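Numbered per UniProt numbering, the sequence shown spans residues 1 to 165.
From the three backbone atoms N, C-alpha and C, an ideal C-beta is built for every residue, glycine too.
These numbers were taken from a predicted model, which means no experiment stands behind them.
Below is one structure, written out as structure tokens; the observations come after it.
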Amino acid sequence: MNIGSIKQNDDGILIGRVTTLAFSITIALREVSSNNERAPAYDIMALSSDRRSWVKVGAVWEYHSNDTGEVFLSGRIDDPSLEKPVDVAMFQQNDGSYNVAWRRPQRKRTLPAAMAGEDSLPPLNATDDTPTGNDTAPAGDGLGDSTAPAPKSKSGAKTKEAADA
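Listed below in structure tokens is the structure:
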């Protein structure tokens, strides 16, 4: 989802706006000069509320798409006024500007602890060892044998279950 755009101004500075329902800021990208290969490509600078200074609120790193080889920027905007950091990706357009897209980090999905190791549960396809002729259906109703006495009939005669016992 696009939440802003950045383009080069007359001074050659990449500057633009990022706007969501919760905030709206003017940002600029300041190139980072570093020999460290893990350093970001740009610091994200935001115009302070008094409009007198720039405040660093994040950074973006340069990446290349595996499929197309396209270069894009990816990073995070963070500030104490925000509840959570905002992860962003910036995609260059034909005119040299960048679209700023918001992205929600994906949570890693893990197996429940019982399924992860040797303590995993057996398949749930049978309740006892009695073959039923159908290997996928459990024998009986799965509730086990009843310990309740057999019901008596209204005529006073024994029920079939009681007669069999």
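Inset, instruction - For residue 69, name the three-state secondary structure that DSSP assigns. - result: Note: residue 69 maps to coil in three-state DSSP.
Legend entry - Contact between the stretch 5-14 and the stretch 57-64 (3+ Cβ pairs under 8 Å): These segments do not touch.
Legend entry - Sequence-distant residues of its chain with Cβ nearer than 7 Å to residue 1 (five each side left out): So the list reads 101, 102, once near-sequence residues are dropped.
Legend entry - Straight-line gap, residue 52 to residue 108 (C-alpha atoms, nearest Å): Straight through space, the alpha carbons of residue 108 and residue 52 are spaced by roughly 41 Å.
Inset, instruction - State the beta-bridge partners of residue 26 as determined by DSSP. - result: Residue pairing from DSSP places residue 26 in a beta bridge opposite 17.
Legend entry - Exposure label - residue 40; buried when at least 16 CB within 10 Å: It counts as buried.
Legend entry - Paired residues, beta bridge with residue 47 - DSSP: Paired residues: 54.
Legend entry - Start and end residues, beta strand (DSSP E) containing residue 90: Residue 90 -> beta strand (DSSP E) spans 86-92.
Inset, instruction - Sort 84, 56, 91 by Cα distance to residue 73 and report the nearest one. - result: That would be 91, whose Cα lies nearest to the Cα of residue 73.
Legend entry - Burial state of residue 46, where buried means 16 or more other Cβ atoms lie within 10 Å: Per the 10 Å Cβ criterion, buried.
Inset, instruction - Let me know the secondary structure DSSP gives residue 31 once reduced to three states. - result: In the three-state reduction of the DSSP assignment, residue 31 falls in the strand class.
Legend entry - Residue nearest to residue 77 in terms of C-alpha spacing, selected from 48, 27, 99: Of the candidates 48, 27, 99, the residue whose Cα lies closest to the Cα of residue 77 is 27.
Legend entry - Contact with chain B by residue 6, beta-carbon distance below 8 Å: This model lacks chain B altogether; it includes just one protein chain.
Inset, instruction - Assign residue 99 to one of three DSSP states: helix, strand, or coil. - result: Three-state DSSP puts residue 99 in a strand.
Inset, instruction - Give me the Cα-Cα distance between residue 148 and residue 105, rounded to the nearest whole angstrom. - result: Each residue's alpha carbon lies about 56 Å from the other.
Inset, instruction - Quick one: grab the DSSP three-state call for residue 59. - result: DSSP, read as helix, strand or coil, puts residue 59 in strand.
Legend entry - Span of the beta strand (DSSP E) around residue 2: Secondary structure note for residue 2: its beta strand (DSSP E) is the uninterrupted segment 2-8.
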